[in-house]
Every structure is written in structure tokens, then in C-alpha cells.
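At position 139 of the sequence shown the residue is numbered 409 (the working numbering), and the sequence of numbers has no breaks.
C-beta atoms are modelled at their ideal positions from N, C-alpha and C, and glycine is treated no differently.
Inspection log for the structure reproduced underneath, given as C-alpha cells.
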Amino acid sequence: SGRRPEDEFSQKNLTLQQQRVIVCGEILADPALPIEEKVFLFLMWFAAFVDQERVGKMEELVQMDREAARIQKLKDEKSTHLRQLEEAGTKDDARLAQANARVDALVQMGNPDPQELAAAQKEVQACKDTSVQRQEAIAQVRAEVNDLTAKHDAAPKSREVLFMEIERLGQLKDKMMNMVRSMLETSNRQVEKIFR
């Protein structure tokens with residue numbers, strides 16, 4: 271028959287295994303086919319399904335690579351942002367130290383100008399507020415980086431497992447095709463014997 275697995279089952283609700291069972295059942299139940307043809311068709315269809323499954327695994331691998339690249343890109347962007355925040359935090363700490371030193375210097379002079387002291391204390395408070403906000407931002411971005419790292423590390427399957435599955439499917443298809451080839455050779459030899 272000239273059917274292909276992808277033509278026969280356009281319904282997305284059937285799994286590949288269900289499709290395989292239906293087609294193989296139809297082949298084996300067909301009373302018009304001799305057993306040799308049933309086995310031959312069964313092997314050919316099964317090989318086609320194995321090939322479909324192999325393609326699906328390859329697509330899964332591509333999707334996995336894309337997702338890993340997306341997560342890595344996000345992680346790199348967040349890590350860069352984290353470094354920038356930490357550098358700005360270092361500058362904030364230096365400004366806070368300068369503002370505190372200014373207040374201390376004014377107090378040590380004795381009898382400082384109240385407006386100048388109030389301005390210096392206001393500067394200290396502003397630096398503290400900025401530092402607190404920056405530390406909160408750093409903590410949030412660090413948590414996001416850690417979350418992205420955990421997502422990347424918690425992949426459902428590793429590339430190695432997928433490669434092994436793809437290789438196993440390729441070997442299975444090769445074995446089936448070798449069986450088909452062997453059947454054809456045996457059949458050809460029998461036909462040659464008949465016509466001698």
C-alpha cells in the first residue's frame with residue numbers, strides 16, 4: 271500500500287504508539303495478504319514509525335538546545351546586570367562613608383552650623399536609602415540568576431540520554447531493514463529456484 275504514517279494519521283490525539291498498533295493490527299488482520307507479505311509490510315511500517323519517533327527525538331533535542339540557549343542568554347544578561355548593581359553599590363558605600371565623615375567632621379568642630387549639619391545628615395540618610403534599595407535590587411537579581419541556574423540544571427532529560435535514544439532508534443531501524451533485505455534475498459532465491 272502507498273500510505274505513509276504521516277498521511278494516515280493526521281489526528282494529533284493519537285500517540286505514535288497508538289498509530290503503530292492500529293496499522294500493524296490492520297496489516298496482520300488482512301486475510302488477503304500471505305504471511306510473508308504481512309511480515310514485510312509490518313516491518314516496513316514499523317521502520318517508518320521508528321523513523322518518525324527518531325525525528326521527534328531530534329526535534330526534542332533541538333528544542334532542548336534552544337531552551338538552554340535562551341536560559342543561558344537570560345542568565346548572562348542578569349549576571350551582567352548584577353555586576354553593574356554591585357559596582358554601583360560599592361560607589362554608594364563610598365558616598366555613604368564620605369557623608370558620614372562629613373557629619374563627624376562637623377560634629378568634631380564643635381558648635382556646627384545647624385543648616386550645614388542638617389544638610390550633611392540628610393545626605394547620610396539619602397545614601398543609606400539608596401544603599402538599601404540597591405541591596406534589595408542586588409538580592410532580587412541574584413535570586414533570579416540562581417533560579418535560572420536551577421532551571422538549566424534541572425533539565426528533564428540530558429542531551430546524552432536523547433542521543434542514546436536516537437542512536438537506539440537508528441539501530442532498531444537498521445535491524446528491521448536488514449530483516450527486510452534478508453527476506454527479499456530469500457524470496458528472490460526461492461523464485462530463482464522455481465524458474466530453473
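Residue interval of the alpha helix (DSSP H) (run including E407): Taking the first residue of the sequence shown as 1, we reach residue 407 at position 137. Residue identity check: residue 407 is Ala in the sequence provided, not Glu. Judged by DSSP secondary structure, A407 falls within the alpha helix (DSSP H) whose first and last residues are P384 to D423.
Cβ-based burial, R290 [other Cβ within 10 Å; buried from 16]: Working through the sequence shown from its first residue, we reach residue 290 at position 20. Classification for R290: buried.
Rounded separation between A407 and R340 - CA only: What you label residue 407 is simply residue 137 of the sequence shown in a count that begins at 1. What you label residue 340 is simply residue 70 of the sequence shown in a count that begins at 1. Their backbone Cα atoms lie some 23 Å apart in a straight line.
Beta-carbon separation (whole angstroms), M334 vs R429, contact threshold 8 Å: For the purposes of this step, residue 334 is identified with residue 64 of the sequence shown, where counting begins at 1. For the purposes of this step, residue 429 is identified with residue 159 of the sequence shown, where counting begins at 1. Confirmed, about 7 Å.
Coil, strand or helix - D285 by DSSP: Taking the first residue of the sequence shown as position 1, residue 285 is located at position 15. It should be pointed out that residue 285 corresponds to Thr in this sequence rather than to Asp. Under the three-state reduction of DSSP, T285 is assigned to coil, being neither helix nor strand.
Among I436, E306 and L355, nearest to Q322 - alpha-carbon criterion: Residue numbering aside, residue 322 sits at position 52 when the sequence shown is read from its first letter. For the residues I436, E306 and L355, the minimum Cα distance to Q322 belongs to I436.
Distance, N416 Cα to M453 Cα: For the purposes of this step, residue 453 is taken as the residue at position 183 of the sequence shown. For the purposes of this step, residue 416 is taken as the residue at position 146 of the sequence shown. CA-CA distance, M453 to N416, rounds to 57 Å.
Counted within 10 angstroms of its Cβ, other Cβ atoms place D297 as buried (16 or more) or exposed: Along the sequence shown, one-based indexing puts residue 297 at 27. The residue you asked about is not Asp; residue 297 is Ile in the sequence shown. I297 counts as buried, since at least 16 other C-beta atoms from the protein chains shown sit within 10 angstroms of its C-beta.
Proximity of V373 and A396 at Cβ, strictly below 8 Å: Your numbering for residue 373 matches position 103 in the sequence shown. Your numbering for residue 396 matches position 126 in the sequence shown. Inclusion of V373 and A396 in the CB contact set at 8 Å is not warranted, their separation being larger than that value.
C-alpha gap between R474 and E455, whole angstroms: This structure cannot settle anything about residue 474, because the visible part of the chain is limited to 271 through 466.
Residue nearest to W315 in terms of C-alpha spacing, selected from N370, S457, V461 and V450: Here residue 315 refers to the residue found at position 45 when the sequence shown is read from its first residue. Answer by Cα proximity: V450.
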